[in-house]
Each structure stands twice: as structure tokens, then as C-alpha cells.
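See structure below.
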Amino acid sequence: MYNRRTTFLALAAVLVTFGALWLTNRAVTPKEATWADVLAEARFGGYRIITSEELAKLYQKDAKNITLVDTRQEWEYRTGHIKGALNFPMEPTWWSRWRKAPALETFLGPDKDRLTAFY
Amino acid sequence: MAVTLGYKNVYRDPHGYPEWQKMGMPIESVPAGQSQSSKEPKAPGPLYGWAMIWTLLGVFVGGMALNLTPCVYPLIPITVSFFGGQAGRAGQGRGKLVTHGLCYVFGLAITNSTLGVIAAITGSLMGAILQNPIVLIAVATILVFFAASLFDLWELRLPGGLTQAAAKSYSGYFGSLFMGLTLGVVAAPCLGPFILGLLTWVAGLGSPWIGFLVFFTLSLGLGLPLFCLAVFSGQLDKLPRSGGWMIWVRKLMGWVLIGMAVHFIRPILPESVEVFLLAGVALAAGLHLGWFDRNQANFKAFAWMKMVAGVTGLVLATFIITSWAMHGPGVTWKPYSNEVLQEAQRSHKPVIIDFYATWCTPCRELEETTFHDAAIVNQAEKDFIMIKVDVTKGGNPVHERLLQRYGVKGVPTIVFLDKKGREKRDLRLVDYLPPSQFIGRMAELKKSDG
Chain A
0 MYNRRTTFLA LAAVLVTFGA LWLTNRAVTP KEATWADVLA EARFGGYRII TSEELAKLYQ
60 KDAKNITLVD TRQEWEYRTG HIKGALNFPM EPTWWSRWRK APALETFLGP DKDRLTAFY
Chain B
0 MAVTLGYKNV YRDPHGYPEW QKMGMPIESV PAGQSQSSKE PKAPGPLYGW AMIWTLLGVF
60 VGGMALNLTP CVYPLIPITV SFFGGQAGRA GQGRGKLVTH GLCYVFGLAI TNSTLGVIAA
120 ITGSLMGAIL QNPIVLIAVA TILVFFAASL FDLWELRLPG GLTQAAAKSY SGYFGSLFMG
180 LTLGVVAAPC LGPFILGLLT WVAGLGSPWI GFLVFFTLSL GLGLPLFCLA VFSGQLDKLP
240 RSGGWMIWVR KLMGWVLIGM AVHFIRPILP ESVEVFLLAG VALAAGLHLG WFDRNQANFK
300 AFAWMKMVAG VTGLVLATFI ITSWAMHGPG VTWKPYSNEV LQEAQRSHKP VIIDFYATWC
360 TPCRELEETT FHDAAIVNQA EKDFIMIKVD VTKGGNPVHE RLLQRYGVKG VPTIVFLDKK
420 GREKRDLRLV DYLPPSQFIG RMAELKKSDG
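So the sequences go chain by chain: A and B. If you read the first sequence in numbering that gives the first Met the number 0, its first letter stands for residue 0, the second for the next number, and so on. If you read the second sequence in numbering that gives the first Met the number 0, its first letter stands for residue 0, the second for the next number, and so on.
Structure below.
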């Protein structure tokens, strides 16, 4: 009686371990995001898309009033970034978004109407 | 996300930096000198006054923590049998027993302190010795030997000569001191790898006196529980036998020792053997402790304990095998040759040379973690020439010349060459580095166009 129950439990635990490892370790080829994907994502997130040309125009006119945020990893930022941009490393995952929200609020400051551009 | 926080004017430029760079808009980068990766660790200075006292206090606590490592298991039954016998024989007072205990711990401390002094005098050589294959095999053998005793395959008894020496003319305090001295020899090599950091630190200080002091304090911390055990071991005999579960706990300790033995010989095994051996031990331990062991106890939690131990063993075995089987591909290394270096210069690619030895633990960590990281593998394939030089066995003239040319003093050493084939000394690596920081160095190397 004891042995059968334990064996069952052990097999279940082994299967769970196996499944969890497979889920986290399987090779996923990241999909290249198309322009439509980018637009859909923007609609979902509630922000607007700006092309580099438009951003460049705004930048040349009035660079001081734009907050430029570089969301790439720190080592990417170090090798080169738009002049004046600040680094806020951000992984495109839900976990990262949820975890870093408070930090982002202090990072962007209290002015909620300021023009902010992420890249 | 910024929108949910209430920001209104939020834009995103999906093409971002690469396009910006192409358009010739103003960009900047962090100069190489300022990056955090080229920080040098500060050399440890001499210790005075309060700093010294605090350090020693920390070392003492660390010594007590070392009692959690299985190295101390073998000492427990020996201590009990030795002091239990003493108390029973002479019917001595408590005071005398305390002095005996002190002598015992003192002897233990002297043996361990010798280790510290040797480390301080010989410099970093001590660490190298402790990672030597022969020493590792010896330690593993001792561990398996003691594990067998815990499995009741043989009974651990003091060698006859020793007991007699202790019982005879110097049955006095010298006997206890002598016991401590000998038992220190058992524990010291086993503790070595746990305190490798401390050994290196002491070696860096280079003062035999401080080396002695640090290790003496460490041993006092280590010996404190043994001292209590020694003083109360007389009473221990009068306790009622605690039934089958005690035997089960001994077996559990035995399996921990065997696991540690495998852990010790890891560096000298090929990776696949190591993985299967570890998984095999976990599996055997789980089955033995959870199912085959028939010991019963008169309290209910015992069944649970058995089940938890059994299931943990099985899950651990699955975890080890599965995570090994699902390991992604690693960096593809090239063996060293002059042609490869010339080819790299022709194609304007930076070169990374990894000097390693099979027995070196940080080298393995680098290979298993850093050089299997997806981002690093990706970068390496695209823009780098990766070369690996195995210096486990000496005597290869090509390798000897390489070691001299780059001034490699030990393993691991990772040398970074820029596109023109010149070494970037500030990037050089002599220890394990996690992937996130390693990729920073790769980026910096790529940026420096020589």
C-alpha cells in the first residue's frame, strides 16, 4: 500500500521534472517580426510607431525634449547608441515587464506628457 | 508598458540603432577604459586591529559551518567511541574530560593550521595540489571507504595501535592531543576543496603567521561541536538505542559521502561519464533510501522522510540526465595552428584563445555555462575565431611556445586578440565569467579595430 502510493508519486514527480526541463530548454527559433506584427504589438501596447526618419527630424529640431530609451542589453548599448539615449535593458517577456515596471517609472521621471521614444 | 504607467507621448522606433547609424545621425559609445569588465580585483592588504578581529570571527563562524559538510561525519563515531571509553574507564570528573576535549580539538587545530602555513609559504601551489588528480582520487577513495562503514559493510574502529598508544603511558592529555593530530589528517584533505578560496587568500597574504592564525581559528570553529560531543559522549552511551530510523540516517549520510566522492573526481572524468555517474548515484540513493530500506520507526514522520528522500533521489537523477541531454550546442573550437591565426587576420576576425586543462574546475564551468550560452555561441560563429589549447599534459613544444608568448601562468587563461592579431591585455581572463559579462568583452573586442 505504502509502496504503491510512493511509487506513483515518484513517477509523477519525475514526469513533472522532465516536462519542466523540456519546456524551458527546447530549442525555439525566434520568429522574425514582420511590420504587421510590430503594428499589432503597438496597438496592443497602446503606443505609436515612429520611423527612424521621423525620429531623426524631431531629434534635429529639439533633442532636449525627447527622452530616448535604449531597451537593448547593456553590452549592446556600450558598443554604440544614439547620442543622448539612456539604457534601460528590457527583455521582451511578460515577466520582465511586470518586474521592471516600478523601476521604469522612476527611470522616466514624473513628467507624463514628455515625448518618449523607445528603441 | 510605459502607457499603462500613464505616459502619453510614447513612441517606438522598431528599426532603432542600426538605421540611425546608417543615416549618419549622432551616436556615441562608452569608451573601452570605463567599462566595468576591466576592473582588477584589489590585492588584499595586511590586516590590523579590528579588521583582523572581525575577519577571525568570520573565519570562526565559517569553521562551525564546515561541520555541515560530510567531511566531519567520520569524526563523529570516532570521537564518541574514544571519549566514551575514556570516561567509562577512569571514572574521571567532568573537569578532566573538558581538558581532554580541549587537547583533542587543539590537536585537530594544529594539523589544520599546518595546512594554512604551508599554503602561505608555497603561495598558490597549494590550490593546484588540491586539484591534482591523484589527490582527488585519494580523497574520493577515503570518502567511499567511510561511506561503506556507514552502510555497515565494516565497522569503524580505531586502529589497535592507536588505541593502545592512547591507553598506555600517555593515556593522559597527550593521548587526546595525539588523537586530534591524527584525525586532523583525515579531515584536512577533505575540507581542502571547501576552503580553497580561503587557502588562496591566505596564500596571497604570504605571511605564515597570519596563515597559522586564520586556520587555527577555523579549526577551533570546526572543533567546537566535536568538543561538546567529546564532553558529553560519556552520557551518550546511557541513552536508549533509538531504533531503526537511526540506521536509516546513517545510510543517508553514507549516500551523501558517495555523492561527494563523485563530485570530487568530476574534473578528471569525461563529461558524459560524469553525468551518468552522478545520475546513477542519485538514482541508487533514491531507490535504496525510499524503497529497499526496510527500517521502521515508531513515529509517523519517518515514512514521509523516506518518501521525500526517495523521490528527491529520482527527481535529481532525472534532472541531471535531462538537462544534460537537452544541452544546446556549444561553441565550435578550432585547434591551434599558425594557419588559423593567419586566416583570422586575412578575414579581419578577432580571435579568442582558451587555455584549459581537463582537471580545472573554472575551465569546466566556462565550457559548460558560458560557452554554451545561446547568445555567445551565436556571436562566436558569426564574428570570431575560437581556439582552444589543451595544456593538461605538458611537453608539446607548440603549446610551450604559446604559453611563453602570451605569458600564460595558469588555467583557465583566455586571451583576446584583435583583428590585427594583437593581444588586448585589459580583456584577458583568468577565472570563470558568467555569459552576460563575457559577451560584453566579446563586444568590446569586436569594437576595437586595432
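Even for Gly, the Cβ is constructed at its ideal location relative to N, Cα and C. Note that this is a predicted model, so its numbers are computed, not measured.
Check residue i in the structure and name its three-state DSSP category.
i                      : result
residue 27 of chain B  : strand
residue 47 of chain A  : strand
residue 422 of chain B : strand
residue 387 of chain B : strand
residue 17 of chain B  : helix
residue 132 of chain B : helix
residue 313 of chain B : helix
residue 355 of chain B : strand
residue 455 of chain B : No answer is possible for residue 455 of chain B: the residues shown for chain B start at 0 and end at 449.
residue 172 of chain B : helix
residue 350 of chain B : strand
residue 10 of chain B  : strand
residue 331 of chain B : coil
residue 428 of chain B : strand
Can you tell me the Cβ-Cβ gap for residue i and residue j, rounded? I've got them flagged as a contact below 8 angstroms.
i                      : j                      : result
residue 217 of chain B : residue 58 of chain B  : 5 angstroms
residue 335 of chain B : residue 386 of chain B : 5 angstroms
residue 252 of chain B : residue 142 of chain B : Not a contact, Cβ separation roughly 11 angstroms.
residue 152 of chain B : residue 13 of chain A  : Not quite, the Cβ-Cβ distance comes to about 29 angstroms (not below 8 angstroms), so this is no contact.
residue 274 of chain B : residue 320 of chain B : 7 angstroms
residue 87 of chain A  : residue 103 of chain A : 7 angstroms
residue 55 of chain B  : residue 180 of chain B : That belief does not hold up - the Cβ atoms of residue 55 of chain B and residue 180 of chain B are roughly 23 angstroms apart, past 8 angstroms.
residue 413 of chain B : residue 339 of chain B : At roughly 16 angstroms, the Cβ-Cβ gap does not stay under 8 angstroms, so residue 413 of chain B and residue 339 of chain B are not in contact.
residue 415 of chain B : residue 400 of chain B : About 19 angstroms; that fails the 8 angstroms criterion.
Here's the rule: buried if 16 or more other CB atoms are within 10 angstroms of the residue's CB, otherwise exposed. What is residue i?
i                      : result
residue 306 of chain B : buried
residue 64 of chain B  : exposed
residue 456 of chain B : Residue 456 of chain B cannot be examined here, being either before or after the span of chain B that is shown, 0 to 449.
residue 2 of chain A   : exposed
residue 32 of chain A  : exposed
residue 22 of chain B  : exposed
residue 227 of chain B : exposed
residue 96 of chain B  : buried
residue 80 of chain A  : buried
residue 441 of chain B : buried
residue 69 of chain A  : buried
residue 349 of chain B : buried
residue 11 of chain A  : exposed
residue 15 of chain B  : buried
residue 466 of chain B : Residue coverage of chain B in this structure runs from 0 to 449, which leaves residue 466 of chain B outside it and unanswerable.
residue 15 of chain A  : exposed
Is the beta carbon of residue i less than 7 angstroms from the beta carbon of residue j?
i                      : j                      : result
residue 261 of chain B : residue 280 of chain B : yes
residue 373 of chain B : residue 330 of chain B : no
residue 46 of chain A  : residue 11 of chain B  : yes
residue 178 of chain B : residue 82 of chain B  : no
residue 354 of chain B : residue 388 of chain B : yes
residue 231 of chain B : residue 112 of chain B : no
residue 197 of chain B : residue 74 of chain B  : no
residue 257 of chain B : residue 146 of chain B : yes
residue 41 of chain A  : residue 49 of chain A  : no
residue 139 of chain B : residue 264 of chain B : yes
residue 324 of chain B : residue 278 of chain B : no
residue 118 of chain B : residue 201 of chain B : yes
residue 100 of chain B : residue 229 of chain B : yes
residue 411 of chain B : residue 362 of chain B : yes
residue 282 of chain B : residue 62 of chain B  : no
Roughly how many whole angstroms lie between the Cα atoms of residue i and residue j?
i                      : j                      : result
residue 272 of chain B : residue 294 of chain B : 33 angstroms
residue 91 of chain A  : residue 356 of chain B : 38 angstroms
residue 32 of chain B  : residue 437 of chain B : Note that residue 32 of chain B has pLDDT 47, beneath the 50 cutoff, so the model's placement of it is unreliable and no number is given.
residue 445 of chain B : residue 17 of chain B  : 16 angstroms
residue 429 of chain B : residue 347 of chain B : 25 angstroms
residue 114 of chain A : residue 61 of chain A  : 11 angstroms
residue 17 of chain A  : residue 110 of chain A : 48 angstroms
residue 95 of chain A  : residue 254 of chain B : 40 angstroms
residue 117 of chain A : residue 352 of chain B : 37 angstroms
residue 382 of chain B : residue 333 of chain B : 14 angstroms
residue 402 of chain B : residue 366 of chain B : 20 angstroms
residue 44 of chain A  : residue 101 of chain A : 17 angstroms
residue 421 of chain B : residue 404 of chain B : 12 angstroms
residue 326 of chain B : residue 371 of chain B : 8 angstroms
residue 89 of chain A  : residue 110 of chain B : 53 angstroms
residue 9 of chain A   : residue 286 of chain B : 10 angstroms
residue 150 of chain B : residue 288 of chain B : 11 angstroms
residue 184 of chain B : residue 291 of chain B : 35 angstroms
residue 35 of chain A  : residue 107 of chain A : 28 angstroms
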